[in-house]
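Down below is the structure, laid out as structure tokens.
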Amino acid sequence: MKTALIFGATSSIAQATIMKFAEQKYNLILVGRSYSKINEIKLDLLVRYLDINITLYIFEPSEFHSHKDLINRIFNEHNIIDFILFAHGSLPDQSQIMNDHISIVRLFEINTLSIMSYITLLVPYLKVQNFGTIAVISSVAGDRGRQSNFVYGTTKASLDAFLQGLRNLLFNNNINIITIKPGFVNTPMTSHLKKNFLFTEPEVIADGIIKAFEEKKDIVYLPKYWQLIMCIIKIIPESIFKRLKL
Ligand SMILES: NC(=O)c1ccc[n+]([C@@H]2O[C@H](COP(=O)([O-])OP(=O)(O)OC[C@H]3O[C@@H](n4cnc5c(N)ncnc54)[C@H](OP(=O)(O)O)[C@@H]3O)[C@@H](O)[C@H]2O)c1
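At the far end of the sequence shown sits residue 277, using our numbering, and the numbering has no gaps.
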């Protein structure tokens with residue numbers, strides 16, 4: 032039986048993805064900040080899918096001293112892990128961030144540094160397996176800095192560069208690194224935003240994540256039309272872009 036490990040299992044996109052893996056009878060390792068929340072997800076899955084194994088772990092991404100122990104425990108308690116997803120992340124209000132310089136550091140700890148740290152610790156285990164997939168939910172916001180969310184976007188852009196180098200490094204180890212770049216998704220993270228036709232549901236993103244895993248993709252925009260949108264946004268000259276209210 033195959034195994035999927037999900038960090039940030041309480042995220043709406045993660046939960047939709049977990050459901051797809053459960054349908055395929057994967058063993059599931061769910062990692063979240065709140066035991067009660069991830070246990071609720073486990074109980075719901077067990078009602079729907081009787082014959083899957085689900086293990087729970089607690090994490091606190093900004094407590095870096097705890098990372099090594101967590102990764103060692105997970106890999107010592109599970110022999111082979113086929114798929115690993117990082118879904119935790121935070122989208123704070125940009126104007127508040129600009130009034131509190133420490134919150135920039137905190138945001139990088141959650142969105143970027145914690146993921147780099149966990150990945151660095153788990154790569155040696157994947158090398159021993161000699162296969163595996165790591166998928167990280169980044170964002171289209173990392174493709175170009177915009178006044179409305181550029182600190183969040185910078186946390187994702189840094190992740191993108193890290194994953195790009197890692198993909199290059201691990202190519203000969205049969206380890207696939209997938210950068211997932213969703214556009215607007217209807218989740219608690221965006222509940223404060225005015226909805227428009229570009230918003231999509233977590234289930235659509237989950238389907239895209241599974242497909243990217245099965246097809247060993249490198250970078251995926253979800254839904255796909257965001258690739259074209261970001262391509263256009265990226266080619267706007269800076270002299271014009273800086274004048275736009277985006
Ligand atoms: N929604 C979008 O439009 C969109 C677009 C592009 C990319 N993304 C990315 O997709 C990923 C999943 O987001 P989502 O849309 O599914 O949002 P969500 O349902 O609001 O989930 C957010 C997740 O991040 C965790 N989290 C939030 N703040 C945290 C903190 N300070 N420390 C540790 N964990 C924290 C939450 O854990 P708790 O349950 O414990 O709070 C939860 O697991 C994120 O990386 C996000 O940046 C989202």
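Just so it is clear, CB atoms sit at the ideal spot from N, CA and C, and this is done for glycine as well.
Burial state of residue i, where buried means 16 or more other Cβ atoms lie within 10 Å
{"i": "residue 247", "result": "exposed"}
{"i": "residue 213", "result": "buried"}
{"i": "residue 46", "result": "buried"}
{"i": "residue 207", "result": "buried"}
{"i": "residue 196", "result": "exposed"}
{"i": "residue 219", "result": "exposed"}
{"i": "residue 256", "result": "exposed"}
{"i": "residue 167", "result": "buried"}
{"i": "residue 119", "result": "buried"}
{"i": "residue 228", "result": "exposed"}
{"i": "residue 42", "result": "buried"}
{"i": "residue 216", "result": "buried"}
{"i": "residue 273", "result": "exposed"}
{"i": "residue 62", "result": "buried"}
{"i": "residue 169", "result": "buried"}
{"i": "residue 145", "result": "buried"}
{"i": "residue 200", "result": "exposed"}
{"i": "residue 243", "result": "buried"}
{"i": "residue 161", "result": "exposed"}
{"i": "residue 124", "result": "exposed"}
{"i": "residue 74", "result": "exposed"}
Endpoints, beta strand (DSSP E) assigned at residue i
{"i": "residue 59", "result": "58-63"}
{"i": "residue 212", "result": "206-213"}
{"i": "residue 38", "result": "34-38"}
{"i": "residue 164", "result": "163-168"}
{"i": "residue 88", "result": "85-89"}
{"i": "residue 267", "result": "Note, residue 267: premise wrong, no beta strand (DSSP E); not H, not E."}
{"i": "residue 101", "result": "No beta strand (DSSP E) holds residue 101; the alpha helix (DSSP H) holding it covers 98-108."}
Nearest-angstrom beta carbon gap, residue j and residue i [assumed within contact, 8 Å]
{"i": "residue 235", "j": "residue 209", "result": "Residue 235 to residue 209, Cβ: 16 Å. No contact."}
{"i": "residue 116", "j": "residue 48", "result": "6 Å"}
{"i": "residue 181", "j": "residue 148", "result": "Wrong, their Cβ atoms sit about 23 Å apart, outside the cutoff."}
{"i": "residue 138", "j": "residue 183", "result": "7 Å"}
For residue j and residue i, the rounded distance between their alpha carbons
{"i": "residue 51", "j": "residue 71", "result": "17 Å"}
{"i": "residue 87", "j": "residue 275", "result": "46 Å"}
{"i": "residue 93", "j": "residue 172", "result": "22 Å"}
{"i": "residue 84", "j": "residue 260", "result": "40 Å"}
{"i": "residue 226", "j": "residue 132", "result": "29 Å"}
{"i": "residue 263", "j": "residue 165", "result": "28 Å"}
{"i": "residue 277", "j": "residue 191", "result": "22 Å"}
{"i": "residue 69", "j": "residue 179", "result": "32 Å"}
Residue i, enclosing alpha helix (DSSP H) - first and last residue
{"i": "residue 251", "result": "That residue, residue 251, is in no alpha helix (DSSP H); its beta strand (DSSP E) goes 250-253."}
{"i": "residue 157", "result": "145-160"}
{"i": "residue 138", "result": "132-139"}
{"i": "residue 74", "result": "66-79"}
{"i": "residue 49", "result": "43-54"}
{"i": "residue 116", "result": "Here residue 116 belongs to no alpha helix (DSSP H); instead the beta strand (DSSP E) covers 114-117."}
Would you call the stretch 126-142 in contact with the stretch 43-56, where contact means no fewer than 3 C-beta pairs closer than 8 Å? no
Could you tell me whether the stretch 94-110 touches the stretch 146-155, using the rule of 3 or more Cβ pairs below 8 Å? yes
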